[in-house]
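Enquirer:
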Amino acid sequence: MNKNIVILGSQWGDEGKGKIVDLLAEKADAVIRFQGGHNAGHTLVVNGETTKLHLIPSSILREKGLCLIGNGVVLSLPALNKEIEMLEERGIPVKDRLRISNACTLIMPYHIALDQAREKAKGKKSIGTTGRGIGPAYEDKIARRALKASDLLNEDLFAEKLGTALHYHNYVLKNYFDEDEIDVKETLENALVQAEGIKHLIIDIPDLLQQFKTQNAHLLFEGAQGTLLDVDHGTYPYVTSSNTTAGAVSTGSGFGPRNIDYILGITKAYTTRVGSGPFPTEQENGTGEHLGKKGHEFGTTTGRKRRCGWFDAVAVKRACELNSTSGLCITKLDVLDGMETLKICTAYEINGQEVNHFPSNADALEKAKPMYEELPGWSESTVGLTDYSKLPANAKKYLERISELTETPISIVSTGPDREETMILETIW
152 MNKNIVILGS QWGDEGKGKI VDLLAEKADA VIRFQGGHNA GHTLVVNGET TKLHLIPSSI
212 LREKGLCLIG NGVVLSLPAL NKEIEMLEER GIPVKDRLRI SNACTLIMPY HIALDQAREK
272 AKGKKSIGTT GRGIGPAYED KIARRALKAS DLLNEDLFAE KLGTALHYHN YVLKNYFDED
332 EIDVKETLEN ALVQAEGIKH LIIDIPDLLQ QFKTQNAHLL FEGAQGTLLD VDHGTYPYVT
392 SSNTTAGAVS TGSGFGPRNI DYILGITKAY TTRVGSGPFP TEQENGTGEH LGKKGHEFGT
452 TTGRKRRCGW FDAVAVKRAC ELNSTSGLCI TKLDVLDGME TLKICTAYEI NGQEVNHFPS
512 NADALEKAKP MYEELPGWSE STVGLTDYSK LPANAKKYLE RISELTETPI SIVSTGPDRE
572 ETMILETIW
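Residue numbering for the sequence shown follows the working numbering, starting at 152 and increasing by one per position.
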């Protein structure tokens with residue numbers, strides 16, 4: 152029996168991870184977010200009601216189980232408080248179930264100012280960040296000048312560390328980017344006010360997870376962005392600032408890797424990408440427009456229109472290899488309903504040569520031309536189906552081919568945004 156399950160994105164993000172976390176959280180004693188910040192977004196639809204989350208684990212709509220924010224997350228206090236307020240207005244007792252790692256790195260106003268100044272300076276060469284300070288906060292963490300959640304419990308220490316950090320960052324803002332400096336006093340006062348209502352939620356998460364382990368509890372680990380945005384293994388430099396792959400589960404939560412039982416890769420039935428960077432199967436034509444419109448492809452966090460294209464089996468296979476994926480969950484299958492012909496990328500052509508593996512850097516991927524295999528589509532509707540046997544024959548063949556090409560079994564199929572519009576092909580817990 153699987154006790155500890157990881158849910159990860161297997162493409163460039165936006166695969167529908169939030170829905171599956173919410174679905175599987177029914178049996179979880181705790182759900183742990185282990186990387187990223189409020190640059191990520193999960194959209195949940197339960198009984199027709201839509202909820203958009205950015206920091207709090209997607210299990211918060213369930214009635215039981217703790218929601219934990221691990222040390223691998225960079226934490227914006229204003230964003231967290233806004234999310235808590237939104238949920239509490241709906242009668243959800245968030246603070247009864249939310250806990251925050253004392254080792255979380257805090258996102259401060261100067262991180263946001265730096266993020267936006269850099270993107271502005273790069274002009275057309277900008278990476279396409281959300282401008283929320285995620286990258287600069289992770290940089291401070293690595294440079295060992297970050298403010299941590301635990302620092303909020305000692306106001307004098309927090310003020311001292313803030314002054315040191317701002318002395319450094321204000322110099323860069325003023326002298327390199329010609330931007331306004333950030334006021335120390337105002338920043339300190341705002342941070343302490345923002346922290347007042349959540350300080351009691353700050354704890355030692357690894358210790359809590361160890362207690363859960365000794366109790367044979369069910370733990371669910373929630374990834375934010377997709378595998379191909381991993382800072383080490385993604386399409387660098389068009390990536391996020393954290394590790395989004397399975398290895399980050401342990402480093403971002405303090406839960407040992409040998410404790411993990413099952414890794415579920417969430418994968419769209421086609422491919423999308425937000426922001427800049429190479430995207431071999433992108434369809435800048437009627438097909439792409441159709442997928443975007445029918446799939447409602449707009450970013451949860453930014454509202455940006457997602458770029459759309461055919462399923463890239465080369466990229467997903469790479470993600471499965473990087474994560475040692477146990478099984479795939481295919482989402483948005485219903486978006487493909489009614490399409491006469493479907494295409495799957497099975498290899499690339501790079502500099503006249505056929506390449507069957509995913510390039511390790513963006514420069515090589517920019518040159519990749521997709522080599523497609525065509526499959527017949529289906530005219531029947533799959534919306535809301537929960538029985539695999541009722542899928543159209545060609546839909547089954549499409550799923551089977553994805554499984555063959557990625558060398559990974561399909562465990563779940565999603566046929567709509569609502570929690571109930573799901574097929575469970577393999578018992579995950």
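Cβ coordinates follow ideal geometry from the N, Cα and C atoms, glycine included.
Smallest Cα separation from Leu-473: which of Gly-405, Thr-559 and Gly-454?
Expert: Checked all of Gly-405, Thr-559 and Gly-454; the closest Cα to Leu-473 is Thr-559.
Enquirer: Which value, in whole angstroms, describes the spacing of the CA atoms of Pro-431 and Ala-498?
Expert: Pro-431 and Ala-498: Cα-Cα distance of roughly 10 Å.
Enquirer: Can you give, in chain order, each stretch of the beta strand (DSSP E) that sits fully within the region 436-469 and has at least 3 residues?
Expert: 458-460
Enquirer: Which value, in whole angstroms, describes the spacing of the CA atoms of Gly-450 and Arg-457?
Expert: 7 Å
Enquirer: Excluding the five sequence neighbours on either side, which residues of its own chain have a C-beta within less than 6 Å of the C-beta of Ile-495, listed in chain order?
Expert: Close CB contacts of Ile-495 within its chain, under the 6 Å cut and outside five residues either way in sequence, are with Phe-462, Ala-464 and Glu-524 (chain order).
Enquirer: When we look at the beta-carbon of Thr-492 and count the other beta-carbons within 10 Å, is it buried (16 or more) or exposed?
Expert: exposed
Enquirer: In angstroms with no decimal places, state the Cα-to-Cα distance between Val-506 and Met-237.
Expert: 48 Å
Enquirer: Rounding to the nearest angstrom, what Cα-Cα distance links Thr-315 and Pro-244 in this structure?
Expert: The alpha-carbon atoms of Thr-315 and Pro-244 are separated by roughly 37 Å.
Enquirer: Give the range of the alpha helix (DSSP H) segment to which Met-490 is assigned.
Expert: Run containing Met-490: none; DSSP gives neither H nor E here.
Enquirer: With distances taken Cα to Cα, identify the nearest neighbour of Lys-483 among Gly-160, Lys-154, Gly-167 and Leu-159.
Expert: Gly-167
Enquirer: Check whether the Cβ atoms of Ile-251 and Ala-300 lie closer than 8 Å to each other.
Expert: Taking 8 Å as the Cβ cut-off, Ile-251 and Ala-300 qualify as a contacting pair.
Enquirer: Would DSSP call Leu-298 helix, strand or coil?
Expert: coil
Enquirer: Going along the chain, which residues of its own chain have a beta-carbon closer than 6 Å to the beta-carbon of Leu-257, five neighbours each way excluded?
Expert: Cβ neighbours of Leu-257 beyond the five flanking positions: Leu-226 and Leu-298.
Enquirer: DSSP three-state call for Ala-498: helix, strand or coil?
Expert: strand
Enquirer: I'd like to know whether the C-beta atoms of Gln-186 and Ala-466 end up nearer to each other than 8 Å.
Expert: no
Enquirer: Checking the sheet assignment: what are the DSSP bridge partners for Glu-340?
Expert: Paired residues: none, contrary to the question.
Enquirer: Going along the chain, which residues of its own chain have a beta-carbon closer than 7 Å to the beta-carbon of Ser-530, five neighbours each way excluded?
Expert: Gly-489
Enquirer: Give me the Cα-Cα distance between Ser-404 and Ile-411, rounded to the nearest whole angstrom.
Expert: 12 Å
Enquirer: Out of Ala-294, Lys-292, Leu-339 and Asn-321, state which residue places its alpha-carbon closest to the alpha-carbon of Glu-311.
Expert: Leu-339
Enquirer: Terminal residues of the continuous alpha helix (DSSP H) containing Ala-268?
Expert: 260-273
Enquirer: Suppose the cutoff is 8 Å on Cβ atoms and the five residues either side in sequence are ignored; what does the same chain contact list for Leu-206 look like?
Expert: Arg-184, Gly-188, His-189, Ile-220, Val-224, Leu-226, Ser-227, Ala-230, Leu-231 and Glu-234
Enquirer: Which stretch, first to last residue, makes up the alpha helix (DSSP H) that contains Gln-361?
Expert: 356-365
Enquirer: Assign His-193 to one of three DSSP states: helix, strand, or coil.
Expert: In the structure shown, His-193 sits in a strand (DSSP, three-state: E or B).
Enquirer: Given a cut-off of 8 Å, decide if Thr-402 and Leu-159 are closer than it, judged by their beta-carbon atoms.
Expert: no
Enquirer: How should Ser-532 be labelled, buried or exposed, when 16 other C-beta atoms within 10 angstroms of its C-beta is the threshold for buried?
Expert: With fewer than 16 neighbouring CB atoms inside 10 Å of its own CB, Ser-532 falls in the exposed class.
Enquirer: Which of the three DSSP states is assigned to Pro-591 in this structure?
Expert: This structure gives no information on residue 591, because the portion of the chain shown stretches from 152 to 580.
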